[in-house]
Amino acid sequence: CYFILPAVGSVTFSGKWLAGPATLMLLAAYIIGLAIYFLTTVRKARECETYIGGELMSETYVSDEPTGEARDVEVTGVNFYRTVEDLTPLHGIYRAARNKLFDIYDVGTKVLFYFVEALRRAHSGVLPVYLTWFLAGFIVLLWLLVYGAKLI
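Residue numbers (the UniProt record's numbering): 1 to 152.
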């Protein structure tokens with residue numbers, strides 16, 4: 001406050017905020033907008049044939065349902081994109097995705113548990129054997145820290 005006022009000098013307000021007229025103007029604008037909306041867009045809904053994916057529903061293949069005007073089916077994402085999945089170059093990729101070959105978590109846990117199972121079989125639960133494995137691993141790590149840099 002002491003740094004700004006000497007630089008600015010005297011401050012005079014050119015007007016004041018009047019909430020009443022501003023509120024009335026906002027309400028008037030809202031009412032006018034609603035009137036325009038109801039006069040222009042609210043009409044009776046137009047009924048026509050179902051049109052999905054660039055094709056008329058009565059002519060489109062959907063899950064072995066017979067075509068025609070009378071059929072009543074629900075098109076799910078599975079049915080809609082089935083043709084993409086059945087394409088020859090993409091079929092193998094979709095099959096691999098179904099088998100979770102692109103799932104990093106699933107593949108990572110399988111690889112990790114392969115090694116964990118080998119360590120489980122090696123560890124018998126007897127404390128002296130466990131300590132022997134601990135010391136053997138410690139010696140390997142110590143050797144890698146001391147002599148491993150020379151190997152690179």
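Here a beta-carbon is modelled for each residue, glycine too, at the ideal position from N, C-alpha and C.
In this text, all values refer to a predicted model and were calculated from it rather than measured experimentally.
Here the alpha carbons of I104 and L112 stand approximately 12 Å from one another.
Shown here, G137 sits in a helix according to DSSP, grouped into three states. For F115, the uninterrupted alpha helix (DSSP H) segment begins and ends at I104 to A122.
Within the same chain, and ignoring the five residues on either side of H123 in sequence, the residues whose Cβ sits closer than 8 Å to its Cβ are V129, Y130 and W133. For A45, no alpha helix (DSSP H) segment is defined, and its DSSP state is neither H nor E. In the DSSP annotation of this structure, Y2 is not part of any alpha helix (DSSP H), being labelled neither H nor E.
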